[in-house]
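Read through the structure below, which is laid out as structure tokens, and then see the notes.
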Amino acid sequence: MLSELNQIKTKDGLRLEGLIFEPKRRSKVIAFWLSGLTGMFSHSPTRVHAVAGELAKKKISFAVFNHRGFGVINSLSAKRGKKSKYKYFGTSFEKFEHSILDIEAMLRFCRKRGYKKIFLFGHSTGANKAAYYIQKRNGRGLAGIALLGPVSDIPAMKKELGKKYKKTLELAEKLVKRGKSDEILPLKMIGGKFYTASRFLSIAHEGMNEDTFPYYDPKRKFRWSKKVRLPVLVMIGSKEQHADRPVSEIMERFRKEMSPKYFSGKIVKGANHSFRKKEKELGKEIAKWISAALKK
5 MLSELNQIKT KDGLRLEGLI FEPKRRSKVI AFWLSGLTGM FSHSPTRVHA VAGELAKKKI
65 SFAVFNHRGF GVINSLSAKR GKKSKYKYFG TSFEKFEHSI LDIEAMLRFC RKRGYKKIFL
125 FGHSTGANKA AYYIQKRNGR GLAGIALLGP VSDIPAMKKE LGKKYKKTLE LAEKLVKRGK
185 SDEILPLKMI GGKFYTASRF LSIAHEGMNE DTFPYYDPKR KFRWSKKVRL PVLVMIGSKE
245 QHADRPVSEI MERFRKEMSP KYFSGKIVKG ANHSFRKKEK ELGKEIAKWI SAALKK
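Sequential numbering of the sequence shown, starting at 5, is according to this note's numbering.
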């Protein structure tokens with residue numbers, strides 16, 4: 005298996021680094037990984053190598069790149085033509101809706117390398133982004149999508165912030181209305197984390213575009229699920245520490261929201277949100293699912 009450091013370029017001029025792993029005898033199939041909040045391509049080397057290794061056994065390539073929300077706060081150069089301008093990015097400043105630009109850049113990169121079947125694996129908030137890509141682009145250009153650790157941030161936010169939750173939402177809404185959407189909220193109100201007013205609303209407010217998995221509300225539907233026309237795998241660890249309810253209930257809700265024609269679900273016994281110490285099993289399940297999806 006060969007690995008190569010490379011870059012993808014988004015339509016709004018960002019250059020994002022990452023790695024691509026290719027078997028010596030490869031097929032025209034590749035899977036790329038989209039990380040969650042603050043996630044970087046270099047954050048989980050054990051998981052990356054385990055997944056890449058299991059895919060390589062099936063002659064499937066694997067890529068993992070940074071996204072515009074990597075780290076907490078970053079200043080990145082956005083180049084348009086001959087002009088470059090530094091802007092704030094990272095989880096604190098990220099605009100969730102712009103994740104589509106990152107996914108499309110990854111797709112272009114894969115196609116230029118000659119890949120015909122491209123699978124997207126969204127982990128954590130990366131799963132929210134993958135679901136949003138289905139909603140806005142119908143999964144265009146993809147052969148399948150996996151949602152790994154797809155748990156909602158909202159129940160956890162409410163529990164963590166307690167009485168501060170409602171007050172923080174109100175403050176964030178006021179700042180956005182005043183044109184101060186990029187102002188950092190007081191750290192004491194959000195547990196010492198760095199969020200701009202607009203970013204906090206995106207993550208914590210019910211009904212926002214980022215609120216793709218509202219299983220916490222039995223009356224609400226998953227907006228993206230009716231647009232699913234490609235294989236979708238949902239994987240959750242049995243020891244998912246961010247779940248506000250049994251993971252079996254979360255999985256069942258995903259099952260009900262999607263057509264059985266496209267849905268596959270797997271609860272990984274003993275795995276937490278990061279699939280720590282279950283990385284090889286994660287890779288095997290991913291490889292098995294891709295192989296099955298290619299036969300359909």
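The C-beta atom is built at its ideal place from N, Cα and C for all residues, glycine as well. This structure is a prediction, so every number in the text was calculated from the model and none was measured.
What does Arg271 pair with, by DSSP beta-bridge criteria?
-> What sits at residue 271 in the sequence shown is Ile, not Arg. Looking at the DSSP assignment, Ile271 forms a beta bridge with Ile240.
What is the DSSP secondary structure of Leu189, reduced to helix, strand or coil?
-> coil
Tell me whether the beta-carbon of Ala291 lies closer than 9 Å to the beta-carbon of Ile64.
-> yes
Own chain partners of Lys140 with C-beta closer than 7 Å, once the 5 adjacent residues on each side are dropped | Closer than 7 Å at Cβ, skipping near neighbours: Ile104.
How is the beta strand (DSSP E) around Ser7 delimited, first residue to last?
-> 6-13
Roughly how many whole angstroms lie between the Cα atoms of Ile77 and Ile188?
-> 11 Å
On a CA-only basis, which of Ala297, Glu98, Gly17, Glu101 is nearest Pro87? Give me that one, please.
-> Correcting the residue identity first, residue 87 is Lys in this sequence and not Pro. Ranking Ala297, Glu98, Gly17, Glu101 by Cα distance to Lys87 puts Gly17 first.
Rounded distance between the beta-carbons of Ala131 and Ile12, thought under 8 Å | Wrong, their Cβ atoms sit about 20 Å apart, outside the cutoff.
Determine the direct distance from the alpha carbon of Pro159 to that of Phe226, and round the result to whole angstroms.
-> Their backbone Cα atoms lie some 16 Å apart in a straight line.
Of all the options Leu205, Gly269, Ile254, Lys15, which has the alpha carbon lying nearest to the alpha carbon of Ile149?
-> Gly269
Quick one: Cα of Thr172 to Cα of Thr95, how far?
-> 18 Å
Could you tell me whether the segment 191-205 touches the segment 239-253, using the rule of 3 or more Cβ pairs below 8 Å?
-> no
Reduced DSSP secondary structure (H/G/I, E/B, other) of Leu173 = helix
Just checking, does the segment 57-76 make contact with the segment 163-182 on the three C-beta pairs under 8 Å criterion?
-> no
Hey, is the segment 170-185 in contact with the segment 256-272, meaning 3+ C-beta pairs nearer than 8 Å?
-> no
Taking Cβ positions, are Ala147 and Pro27 nearer each other than 9 Å?
-> no
When burial is assigned at 16 or more other CB atoms within 10 Å of the CB, is Tyr137 buried or exposed?
-> buried
Count the other CB atoms within 10 Å of the CB of Pro154; is the residue buried (16 or more) or exposed (fewer)?
-> buried
Mind listing, in chain order, the continuous beta strand (DSSP E) runs of no fewer than 3 residues lying wholly within the segment 95-127?
-> 121-127
Would you kindly report the start and end of the unbroken alpha helix (DSSP H) that includes Ile138?
-> Counting along the chain, the alpha helix (DSSP H) containing Ile138 begins and ends at 129-141.
Short Cβ contact (9 Å threshold) for Ala134 with Ile107 | yes
Output the boundary residues of the beta strand (DSSP E) element that contains Ala296.
-> Counting along the chain, Ala296 falls outside any beta strand (DSSP E), though it belongs to the alpha helix (DSSP H) covering 283-299.
Using 8 Å as the Cβ pair cut-off and three pairs as the minimum, do the segment 272-282 and the segment 251-258 touch?
-> As far as the Cβ criterion goes, the segment 272-282 does not touch the segment 251-258, which means the pair count is below three.
Buried versus exposed, by CB contacts within 10 Å (16 or more), Leu6 | exposed
Considering Ala4, what are the terminal residues of the alpha helix (DSSP H) in which it resides?
-> Residue 4 lies beyond the range of the chain shown here (5 to 300); nothing can be said about it.
For Gly183, does the count of other Cβ atoms within 10 angstroms reach 16, so buried, or fall short, so exposed?
-> exposed
For Arg19, write down the residues that DSSP places opposite it in a beta bridge.
-> By DSSP's assignment, Arg19 forms a beta bridge with Lys13.
So what's Lys181 in DSSP terms, helix, strand or just coil?
-> Residue state, collapsed to three classes: helix.
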